[in-house]
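Chemist: Take a look at the following structure, please.
Number of protein chains: 2
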Amino acid sequence: MQLNRRVEYALMALKFMDDQKKSSENSTTAPGLISAKKIADTLKTPYELTARIMQTLSQKDFIDSIQGQQGGYRIQKDLSKISVFDLIEALEGPMALVKCQDKEHQCSISSTCNILHPLEKLNQRVQKLYQNTSLLEVIRDI
Amino acid sequence: MQLNRRVEYALMALKFMDDQKKSSENSTTAPGLISAKKIADTLKTPYELTARIMQTLSQKDFIDSIQGQQGGYRIQKDLSKISVFDLIEALEGPMALVKCQDKEHQCSISSTCNILHPLEKLNQRVQKLYQNTSLLEVIRDI
DNA sequence: CCCATATCCGACATAATTTATCGGATTTAA
DNA sequence: TTAAATCCGATAAATTATGTCGGATATGGG
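Set out below in structure tokens:
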């Protein structure tokens, strides 16, 4: 039932970036890029893994990336427009309560499984809950 | 985010037992005990694992057990009174979105974790959803 | 009484998944 | 040209989930 580490690290990184962004809003300096190294050092998360997660977030357009020296990442999208569901699916793949619900995997006991259909409704309720929770809510603790 | 196999097998077993019970209500024979072997054979789930799960369900008072030859299990409780949350906690342990929320485990990065508190609220919403869903709803597909 | 068939339970083996790391390519500013 | 960054395929290590084994106990039937 748990979120995996990638989602956890992603949330931590996004919150860190959002905090930095907020605190630089008052100053006149442009909101700077933040490197994966800076994030990993600050949050004490494994560097390589953190870097990979940032790359994924960039690929899925949650954040912008700038390559090269002085490069890094920056939140571009409105975090209130992204749901926790979006983040989970981006990092963990399709959300499903049981393997059978994920069409890629085919379960060895699907012929005798009597709860596939009943669980579908519950699955949808869970998904809806995550869809209705924005990243901003979680990150700013609203 | 998935339910583990134990919960899945437990739901399957409970539904099977409930179905048997319902179909025997019309007849005059008493609702019989169902053995772990019968359940595993019918549902094509691994016998030993299935047996262990039934034992756990019995220990946690979801079902009754009768030992000895001709023994087996029987649903006793009102399934509408048991929530999916109860079942999950009985078979998977405390529900938590991240390891840190489970007090037994202590996370290595808790000193820098900035999302622990924010996730607490989401965790509670998820828990409430499962608490508000009864086993009967899932098993009878209401 | 003995045997077959159950539940019960500790310990272990195996499989699968998650988490983390490595190696090297490309990009870009100083 | 070099240093610091993103990028990405492949793989190693660790953890967890799943499944199995061995033997104890309980109980009804022959």
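Protein chains in written order, with my numbering: chain A, 4 to 145; chain B, 4 to 145. Heads up, the beta-carbon is just placed ideally off N, CA and C, and yes, glycines get one too. Being a predicted model, the structure only gives us computed values, none of them experimental.
(1) Check whether the Cβ atoms of residue 85(A) and residue 137(A) lie closer than 8 Å to each other.
(2) According to DSSP, what are the bridge partners of residue 75(A)?
(3) Do residue 104(A) and residue 126(A) count as a contact pair if the criterion is CB distance below 8 Å?
(4) Please check the pair residue 18(A) and residue 142(A), which I expect to be a contact at CB under 8 Å, by giving their CB distance rounded to whole angstroms.
(5) For residue 68(B) versus residue 76(B), is the C-beta spacing smaller than 8 Å?
(6) Taking residue 91(B) as the query, report the chain A residues whose CB atoms sit under 9 Å from its CB, ordered along the chain.
(7) Take the Cβ of residue 50(B) as the centre, count every other Cβ of all protein chains shown within 10 Å, and call the residue buried at 16 or more, exposed below.
(8) Report buried or exposed for residue 11(B), applying the criterion of at least 16 other Cβ atoms within 10 angstroms of its Cβ.
(9) Anything in the segment 35-48 of chain B with a Cβ closer than 8 Å to a Cβ of chain A? List those residues in chain order, please.
(10) Could you tell me which of 36(B), 81(B) and 5(B) sits nearest to residue 71(B), measuring between CA atoms?
(11) What number of angstroms, rounded off, separates the C-alpha of residue 24(A) from the C-alpha of residue 4(A)?
Modeler: The structure says:
(1) yes
(2) 69(A)
(3) yes
(4) 4 Å
(5) yes
(6) 4
(7) exposed
(8) buried
(9) 45, 46, 47 and 48
(10) 36(B)
(11) 32 Å
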